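Enquirer: I am attaching a structure below and will ask some questions about it afterwards.
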Amino acid sequence: MVIGFWLHLAFWLPSPTLLAAPTTFDLDRISNVVVLFLENHSFDNLYGLYPGADGIMNAPPKTLRQLDLEGKPYRKLPRVINSSKSPPEVDTRFPLDLPNGPFAINRFVEPKDKIPDLTHRFYQHQAQMNGGQMNRFVAHTNAGGLTMGYYEDSELPLRAYAKRYTLLDHFFAAAFGGSFLNHMWMACACAPWEAHPPASNIIQLAADGLVTRDGAFTSDGFAVNNIFPAYGPGNLKAKGPDRMLAPQRQPTLGDRLSDRGIDWAWFAAGWDDARRGAADPTFQFHHQPYTYFERYREGTQDRQRHLLDGKDFEAAVVSGRLPPVAFYKPLGRYNSHPGEATLLDGERHAAALLKKLEKSPQWPGMLVIVTYDETGGFWDHVAPPPGDRFGPGGRVPTLLVSPFTIGGQIDHTVYDATAILRLIERRFHLEPLTQRDATAEDLSSALRNKAAARH
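Counting the sequence shown from 1 gives a position; the working numbering is that position plus 534.
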């Protein structure tokens with residue numbers, strides 16, 4: 535029997551202390567910024583029942599009740615579909631009679647088991663949000679009712695870090711849609727572009743803005759869905775030039791750091807194997823944003839120095855030799871991406887890294903940001919703030935793990951992922967990349983000058 539969502543809310547726990555009015559934080563106290571970049575979960579999907587957060591119990595009724603393509607409420611949620619199968623199959627682990635609204639995934643599939651992947655593409659994501667009404671996620675997914683699922687398991691490994699450090703509950707992905715575009719925004723605060731995209735890979739839209747033929751490029755040349763880079767190792771996976779993005783020459787965060795003499799690295803688990811042509815099956819080439827930029831092409835000193843393997847990250851953590859700015863990207867099997875990884879494997883991997891970081895000689899001056907690239911097609915009840923044609927995208931869970939946070943607090947400040955870039959820019963006195971990061975909040979309102987004691 536499916537236990538009703540509202541009955542579950544009767545077991546809501548007391549709220550933790552909310553973040554007090556911020557004091558001015560001295561960013562120079564931070565010696566290392568570390569970003570753990572995970573995959574594909576909305577805030578409500580993972581923290582929708584977290585005490586004190588802006589979660590599912592705060593959702594307006596109109597966002598809970600999903601509408602079909604004709605604008606009529608579903609009588610019940612459609613069956614969960616696994617579209618990775620050929621042909622797509624009903625996932626019989628989920629029942630027939632799920633009510634139209636949020637439901638607990640882990641009552642049917644445990645976090646240690648995989649669930650199907652869901653549609654998470656640029657225009658489809660905007661259609662799901664339906665002008666901020668957040669009520670057409672089911673209508674524009676390939677996974678049926680799964681988009682409305684959430685996890686109620688309070689024992690997931692990263693929950694312990696949310697309780698000990700600071701949780702951000704109004705942090706949004708930089709862009710609508712999927713991983714490629716959001717990784718590019720983490721590098722350049724921009725959407726990649728080419729002057730003459732191949733006609734076969736241009737998205738076609740109907741008069742109502744819905745997709746009639748999908749692809750990677752907008753009609754004016756912006757790459758918004760997954761595409762391979764012109765440089766290796768990702769170019770080896772492309773099936774012809776129509777599936778490769780022209781070399782990009784926009785300035786990146788890495789450029790700004792290097793030009794100022796500040797060391798940094800994008801650490802990717804499995805990078806060395808992929809570079810040698812022996813990539814792990816779950817290595818994701820479109821998660822390597824710097825491989826799209828001409829400055830980091832094969833044979834350059836910038837590539838050799840700044841694009842490194844995951845094992846280099848772990849060694850640097852232990853030895854206390856992390857560069858001042860470090861991004862870490864897990865393998866697909868450990869990044870929590872539905873269809874590729876289990877949620878539990880991803881959280882265990884991230885928690886193990888956090889444990890090592892807490893023991894690092896560099897810990898006293900460290901800020902670790904644990905965030906997700908995008909929502910992965912999962913519903914969330916909070917609409918993104920106004921931005922530009924590319925985003926911000928959906929709301930994603932984000933943790934600040936640092937001696938400069940106060941344990942068990944929730945920051946309700948509205949951010950998007952360019953806040954990470956802005957914080958790094960301000961800390962290291964860099965010029966902004968675009969208008970978006972130039973005007974972004976910088977996360978300092980969630981930080982405190984006095985290091986907090988940990989128990």
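Each residue gets a CB set at the ideal place from its N, CA and C atoms; glycine is no exception.
These figures come from a predicted structure and were not determined experimentally.
Would you identify the three-state DSSP class for Ile958, choosing helix, strand or coil?
Expert: By 1-based counting over the sequence shown, the position of residue 958 is 424. Looking at Ile958 - three-state DSSP - the assignment turns out to be helix.
Enquirer: Just to confirm before moving on: does the CB-CB distance between Leu901 and Val567 stay below 7 Å?
Expert: On the sequence shown, position 367 is the one that residue 901 refers to. On the sequence shown, position 33 is the one that residue 567 refers to. Yes, they are a contact pair.
Enquirer: Since Asn566 is in the alpha helix (DSSP H), which residue starts that stretch and which ends it?
Expert: Taking the first residue of the sequence shown as position 1, residue 566 is located at position 32. Premise fails: Asn566 lies in the beta strand (DSSP E), 566 to 572, not in any alpha helix (DSSP H).
Enquirer: Taking contact to mean at least 3 C-beta pairs separated by less than 8 Å, is the segment 606 to 623 in contact with the segment 952 to 971?
Expert: Verdict: no, contact absent.
Enquirer: Tell me the rounded alpha-carbon separation between Ile944 and Val916.
Expert: Your numbering for residue 944 matches position 410 in the sequence shown. Your numbering for residue 916 matches position 382 in the sequence shown. Each residue's alpha carbon lies about 16 Å from the other.
Enquirer: Where are the alpha helix (DSSP H) runs, 4 residues long or more, that stay fully inside the segment 790 to 825, in chain order?
Expert: You should have 805 to 809.
Enquirer: Let me know the beta strand (DSSP E) ranges lying completely inside the segment 897 to 970, each 3 residues or longer, listed in chain order.
Expert: With a minimum length of 3 residues, the continuous beta strand (DSSP E) runs that stay inside the segment 897 to 970 are 900 to 906, 932 to 935, 943 to 945.
Enquirer: What is the DSSP secondary structure of Ile761, counted as helix, strand or coil?
Expert: As a first step, residue 761 must be located in the sequence shown, where it is residue number 227. Of the three classes helix, strand and coil, the one that applies to Ile761 here is coil, per DSSP.
Enquirer: Among Ile737, Ser688, Ile615, Leu934, which one has its Cα closest to the Cα of Gly873?
Expert: If you number the sequence shown from 1, residue 873 lands on position 339. The shortest C-alpha separation from Gly873 is found at Ile615.
Enquirer: Quick one: what's got a C-beta closer than 7 Å to Ala593's C-beta in the same chain, skipping five residues either side?
Expert: Counted from its first residue, the sequence shown places residue 593 at position 59. Hits under 7 Å: His915.
Enquirer: Within a Cβ cutoff of 6 Å, which residues of the same chain sit near Phe962, ignoring the five residues on either side of it in sequence?
Expert: Mapped onto the sequence shown, residue 962 falls at position 428. If we look at Phe962 and ignore the five residues flanking it on each side, its Cβ neighbours are Ile796.
Enquirer: Does the segment 915 to 929 touch the segment 684 to 702, meaning 3 or more C-beta pairs lie closer than 8 Å?
Expert: No, the segment 684 to 702 does not touch the segment 915 to 929.
Enquirer: So what does DSSP say about Arg599, is it helix, strand or coil?
Expert: Indexing the sequence shown from 1 puts residue 599 at position 65. Residue state, collapsed to three classes: coil.
Enquirer: What are the start and end residues of the alpha helix (DSSP H) that includes Lys889?
Expert: One-based indexing of the sequence shown puts residue 889 at position 355. Segment 877 to 892, the alpha helix (DSSP H) holding Lys889.
Enquirer: For Asp625, name the three-state secondary structure that DSSP assigns.
Expert: Position 91 of the sequence shown, counted from the first residue, corresponds to residue 625. Note: Asp625 maps to coil in three-state DSSP.
Enquirer: Would Leu770 be called buried (16 or more neighbouring beta carbons within 10 Å of its own) or exposed?
Expert: Position 236 of the sequence shown, counted from the first residue, corresponds to residue 770. Looking at its Cβ environment, which holds fewer than 16 other Cβ atoms inside 10 Å, Leu770 is exposed.
Enquirer: Around the C-beta of Lys863, are 16 or more other C-beta atoms found within 10 angstroms, so that it is buried, or is it exposed?
Expert: Here residue 863 refers to the residue found at position 329 of the sequence shown. So Lys863 ends up on the buried side.
Enquirer: Can you say whether Pro595 is buried or exposed, counting buried as having 16 or more other CB atoms within 10 angstroms of its CB?
Expert: In the sequence shown, counting from the first residue as 1, residue 595 sits at position 61. The residue is exposed, with fewer than 16 neighbouring Cβ atoms inside 10 Å.
Enquirer: Which same chain residues end up closer than 7 Å to Ala987 when comparing Cβ atoms and leaving out the 5 residues on each side of it in sequence?
Expert: Counted from its first residue, the sequence shown places residue 987 at position 453. Confidence in Ala987 is poor, its pLDDT being 47 and thus under 50, which makes the residue's placement unreliable; the coordinate value appears in the next sentence. None.
Enquirer: With a threshold of 7 Å on Cβ separation, who are the neighbours of Leu888 within its own chain once the five nearest residues in sequence on each side are excluded?
Expert: Counting from 1 along the sequence shown, the entry for residue 888 is found at position 354. Closer than 7 Å at the Cβ level, and outside the excluded window around Leu888, lie Tyr695, Val902, Val935.
Enquirer: Could you name each continuous alpha helix (DSSP H) segment of 4 residues or more that falls completely within the segment 636 to 706, going from the start of the chain to the end?
Expert: The segment 636 to 706 contains these whole alpha helix (DSSP H) runs: 656 to 663, 691 to 698.
Enquirer: Could you tell me which of His840, Ile639, Ala750 sits nearest to His820, measuring between CA atoms?
Expert: Numbered from its first residue, the sequence shown carries residue 820 at position 286. Among His840, Ile639, Ala750, the Cα nearest to that of His820 is on Ala750.
Enquirer: Across which residues does DSSP place Arg747 in a beta bridge pair?
Expert: As a working mapping, residue 747 is identified with position 213 in the sequence shown. According to DSSP, Arg747 bridges with Gln738.
Enquirer: Are the Cβ atoms of Trp727 and Phe756 separated by less than 7 Å?
Expert: One-based indexing of the sequence shown puts residue 727 at position 193. One-based indexing of the sequence shown puts residue 756 at position 222. Cβ atoms of Trp727 and Phe756: closer than 7 Å.
Enquirer: Starting from Tyr581, follow the alpha helix (DSSP H) in both directions and report where the run begins and ends.
Expert: As a first step, residue 581 is located in the sequence shown; it is residue number 47 there, counting from the start. Element bounds for Tyr581: 577 to 581.
Enquirer: Do Ala980 and Arg956 have their beta-carbon atoms positioned less than 7 Å apart in this structure?
Expert: Here residue 956 corresponds to residue number 422 of the sequence shown, with the count starting at 1. Here residue 980 corresponds to residue number 446 of the sequence shown, with the count starting at 1. No; because the gap between Cβ atoms is not below 7 Å, this pair is not in contact.
Enquirer: Excluding sequence positions up to five away, which residues of its chain have a Cβ less than 6 Å from the Cβ of Gly666?
Expert: Your numbering for residue 666 matches position 132 in the sequence shown. So the list reads Ala917, once near-sequence residues are dropped.
Enquirer: Just mark Pro521 as buried or exposed, buried being the case when its beta carbon has 16 or more other beta carbons within 10 Å.
Expert: Coverage of the chain is limited to positions 535 through 989, which leaves residue 521 absent and any answer about it impossible.
Enquirer: Whose CA, out of Ile954, Leu572, Leu598, Asn735, lies closest to the CA of Trp913?
Expert: Locating residue 913 in the sequence shown gives position 379, counting from the first residue. That would be Leu598, whose Cα lies nearest to the Cα of Trp913.
Enquirer: Flag this pair as yes or no: are the beta carbons of Tyr685 and Asn640 separated by less than 7 Å?
Expert: Taking the sequence shown and counting its residues from 1, the one referred to as residue 685 is at position 151. Taking the sequence shown and counting its residues from 1, the one referred to as residue 640 is at position 106. Contact flag set, yes.
Enquirer: Give me the Cα-Cα distance between Ala741 and Ala951, rounded to the nearest whole angstrom.
Expert: The residue you call residue 741 lines up with position 207 of the sequence shown. The residue you call residue 951 lines up with position 417 of the sequence shown. Going by the C-alpha atoms only, they are around 31 Å apart.
Enquirer: Where does Leu630 land, buried or exposed, given buried means 16+ other C-beta within 10 angstroms?
Expert: Position 96 of the sequence shown, counting from 1, holds the residue named residue 630. It counts as exposed.
Enquirer: Quick check on this structure: which residue in Arg929, Leu779, Ala673 has the alpha carbon closest to the alpha carbon of Pro731?
Expert: Residue mapping note: residue 731 aligns to position 197 of the sequence shown, counting from 1. Here the closest residue by C-alpha is Leu779.
Enquirer: In the DSSP assignment, what residue or residues form a beta bridge with Leu842?
Expert: Translated into positions along the sequence shown, residue 842 becomes position 308. Answer is Phe801, bridged to Leu842.
Enquirer: By alpha-carbon positions, which one of Asp776, His717, Phe705, Thr909 ends up nearest to Ser734?
Expert: Counting from 1 along the sequence shown, the entry for residue 734 is found at position 200. Minimum Cα distance to Ser734 is reached at Asp776.
Enquirer: For Phe603, which residues in the same chain have their Cβ closer than 6 Å to its Cβ, ignoring the five residues on either side in sequence?
Expert: In the sequence shown, residue 603 corresponds to position 69, counting from 1. At residue 603 the sequence reads Leu, which differs from the Phe that was named. If we look at Leu603 and ignore the five residues flanking it on each side, its Cβ neighbours are Ala673.
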